[in-house]
Amino acid sequence: MGYLTDSLMTAVELIFSFDREILAIVWTSLYTSFCAIILAGIVGIPCGLWLGITRFRARRLLITLLSTLMALPTVVIGLLLFGLLSRQGPLGELGWLFTPLAMIAGQTVLATPIVANLVLVAVNGADDRIVNTALTLGASRFQAAVQLLREVRFGVMAAIIAGFGRVIAEVGVAMMLGGNIRGSTRTMTTAIALETSKGEFAFGLALGLVLMTVALAVNLFFNLLQQR
Amino acid sequence: MQGIRTLFLLTGLLCLACNAFAMEHLRLATTTSGLLAVLLPPFEQANTCKVDVIAVGTGKAIKLGETGDVDVILVHARSQEDTFIDKGFGLDRRDVMYNDFVLLGPGNEASIEPGLPDVAAAMAKIAGTKAFFVSRGDDSGTHTRERQLWEVAGITPSGKWYLEAGRGMGEVLMMADELQGYTLSDRGTYLAFKAKTRLQIIVAGDPRLFNPYGAIMVNPQRHPHVKADLAKKFLDYLTSKQAKALITGFRAEGEQLFYVQ
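First to last, the protein sequences are chains A and B.
Here our numbering is used: position 87 in the first sequence is 92, and no number is missing along the way.
Here our numbering is used: position 162 in the second sequence is 166, and no number is missing along the way.
See the structure below:
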């Protein structure tokens, strides 16, 4: 019992102390996740739209592959990109490894299939006639797609929120590609992992509560966007 | 209905059977695992028990001892061990063995010539060159020693060159290799990663790099479920002639890793 109340008290203290190190950790988590989800949206939304509208032979197979990618373990993404970004790897010259850029790259790979899949689901659930009507009214294919996107905007928002949730909560990519460096690539999840390894269980759980608070704030913000 | 009854009966029988064959389990939290694969079997056979090894860093091992989730800890951070005992969490500390730390640097373009005798002086030089130094940053035994060495060197490490990684030894070695930086490591992990990195030993053999391992029983007065008898037998075994022979005979990559006093 003491353990849980300790964590709760520490969490409240952490949130209201505005400790610089904690703020830096929260900030790193937030901006890497935001960058990743924006990039994932740029790639994933058109992908989902395209797969939802067009009809071709390999479509079913592609959709199956896409849903399989949702099961990509974060460590596998980490390993993959580590190989690319390592000094011996093809992209080693960039010097991205153990910087926030590497984390953003990994988290984008993580979130893109989720966004694409959920957008696809939203498009499949929309009325078939939207695109056809737009086309008959003289819209270009692009304009028709934009119209469809408008119709399914709640589904798209849900896709973004789901992707964001996955990215801000993951630890494998951030740990492997970021390196959990204090003051630079330490995120809320890698900090939790570190506190756990130190045996500071209550403090780790408190950080978890901070993460949930931040996620709540972000979701309230998204919610506000949806109502407008 | 019949099926459910049979299922319950079978489950019950299975539980009974498990209990009958159940051996006593001793839970050990420790930072080392390779050696235990050869060290534990004779003890397990002699006492018909099973030693469950929970492989964690020193900080976590001590915490698991404090919460009574393990019976014995085998760790290497003398100051933290003493605090653990002073607070009444553990008793009967035994010196089991020691190994040593090594200061590592980039293999090809080390700005510091390898083979220096004085580890603190070498670390002061690293701080002077502003080459990356990757610290464990996790309150582990290795991290504790690293901080002590900085203190001896009279340096408070900070700045862009000093990276507090907050990860395990293996990961930190990979990071130091990638960043062509320096780090402090225990010899065992370094040997295990020798083939995978281009790091080389800059300093070894300085007495300040010796790393003694202590085994401590979790205080049964504090946690009554601790298997005190078995734990005591285990401590006796760890300091026995038989165990000492196994410890000094243990080789990793052809090198002796642990020594006994």
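Glycine included, every Cβ here is placed at the ideal spot set by N, Cα and C.
Our contact map puts residue i next to residue j with C-beta atoms below 8 Å; I'd like the distance itself, whole angstroms only.
i               : j               : result
V76 of chain B  : M221 of chain B : 6 Å
H29 of chain B  : D73 of chain B  : 12 Å between Cβ atoms; not a contact.
I206 of chain B : M101 of chain B : So it is not a contact: roughly 25 Å between Cβ atoms.
A150 of chain A : I58 of chain A  : 6 Å
L216 of chain A : M193 of chain A : 4 Å
M179 of chain B : T193 of chain B : Going by Cβ atoms, the distance from M179 of chain B to T193 of chain B rounds to 13 Å, so no, they are not a contact pair.
G83 of chain A  : G111 of chain A : 6 Å
V178 of chain A : M108 of chain A : 6 Å
G185 of chain B : P110 of chain B : 7 Å
V106 of chain B : A208 of chain B : 5 Å
K134 of chain B : W165 of chain B : 5 Å
A164 of chain A : L123 of chain A : 3 Å
Y241 of chain B : A232 of chain B : Actually they do not touch by this definition, with Cβ atoms about 15 Å apart.
G97 of chain A  : L86 of chain A  : 12 Å between Cβ atoms; not a contact.
R64 of chain A  : L56 of chain A  : 7 Å
Step through the CB atoms of chain A and report whether any lies within less than 8 Å of the CB of residue i.
i               : result
A24 of chain B  : Because the pLDDT of A24 of chain B is 47, which lies under 50, any placement of that residue in the model is unreliable, and the question is left without a value.
A169 of chain B : yes
G141 of chain B : yes
M221 of chain B : no
K198 of chain B : no
G63 of chain B  : yes
Quick check on residue i - is its C-beta less than 8 Å from some C-beta in chain B?
i               : result
L19 of chain A  : no
G213 of chain A : no
Could you name the residues of chain A that residue i contacts, counting a contact when the two beta carbons are closer than 8 Å?
i               : result
E182 of chain B : S91, R92, L102, F103
Name the residue from the options whose alpha carbon lies nearest to the alpha carbon of residue i.
i               : options                        : result
L221 of chain A : A:R25, A:I166, A:V136          : A:I166
Q84 of chain B  : B:A219, B:W154, B:T252, B:L183 : B:A219
Q231 of chain A : A:T192, A:R155, A:F61          : A:R155
L106 of chain A : A:L123, A:T190, A:G7           : A:T190
Q278 of chain B : B:I66, B:E257, B:P216          : Residue 278 of chain B is absent from the model: chain B starts at 5 and stops at 265.
T69 of chain A  : A:V81, A:I20, A:L229, A:L125   : A:L125
T160 of chain B : B:G132, B:G170, B:D142, B:A169 : B:G132
W32 of chain A  : A:V223, A:A63, A:F206          : A:V223
E175 of chain A : A:F23, A:V80, A:I43            : A:V80
L225 of chain A : A:M162, A:R64, A:R158          : A:M162
A131 of chain A : A:N137, A:L153, A:L140         : A:L153
Y8 of chain A   : A:G183, A:L212, A:A207, A:A211 : A:A207
L213 of chain B : B:Y241, B:Q49, B:S189          : B:S189
F136 of chain B : B:T148, B:L108, B:A65          : B:L108
R202 of chain B : B:E150, B:N112, B:A125, B:R151 : B:N112
N103 of chain B : B:A157, B:L68, B:L39           : B:L39
P46 of chain B  : B:G170, B:F238, B:Y263         : B:F238
L32 of chain B  : B:G253, B:L78, B:G119, B:D96   : B:L78
S202 of chain A : B:G170, B:E182, B:R151, B:V156 : B:G170
R158 of chain A : A:D133, A:A139, A:A127         : A:A127
L68 of chain B  : B:E150, B:T35, B:D99           : B:T35
Got a sec? Which residues, its chain only, sit under 6 Å from residue i by beta carbon, not counting five neighbours each side?
i               : result
D210 of chain B : V123
G49 of chain A  : T117, V120, A121
L214 of chain A : A16
K129 of chain B : I116
E70 of chain B  : F93
I27 of chain A  : L19
G145 of chain B : T62, H80, A81
Show which residues of chain A have a CB atom less than 9 Å away from the CB atom of residue i.
i               : result
K67 of chain B  : K203, G204, E205, F206
M179 of chain B : L102, F103, G184, I186
List, in chain order, every chain B residue whose beta-carbon is nearer than 8 Å to that of residue i.
i               : result
R191 of chain A : G170
T262 of chain A : Look at the range of chain A in this structure, 6 to 233, and you will see that residue 262 of chain A is not part of it.
Find the residues of chain A that neighbour residue i, judging by a C-beta separation of less than 7 Å, and give them in chain order.
i              : result
G94 of chain B : Here the premise fails: no neighbours, minimum Cβ distance about 14 Å.
In its own chain, which residues sit with a C-beta less than 8 Å from the C-beta of residue i, not counting the 5 before and 5 after it?
i               : result
H227 of chain B : G72
L234 of chain B : E28, L30, N51, C53, D75
H229 of chain B : G72
I89 of chain B  : L95, R97, I220
For a contact defined as C-beta to C-beta under 9 Å, what are the partners of residue i on chain B?
i              : result
T79 of chain A : Those within 9 Å of T79 of chain A in chain B number zero; the least Cβ separation is about 15 Å.
In chain order, what residues of the same chain have a beta carbon less than 7 Å from the beta carbon of residue i, not counting five sequence neighbours either side?
i               : result
F197 of chain B : G174, L177
A41 of chain A  : I109, Q112, T113, A116, V172
D143 of chain B : G63
N185 of chain A : R191, T195, L199
E259 of chain B : L195
T218 of chain A : I20
Please compile the residues from chain B whose C-beta is within a distance smaller than 7 Å of the C-beta of residue i.
i               : result
L199 of chain A : D142, G170
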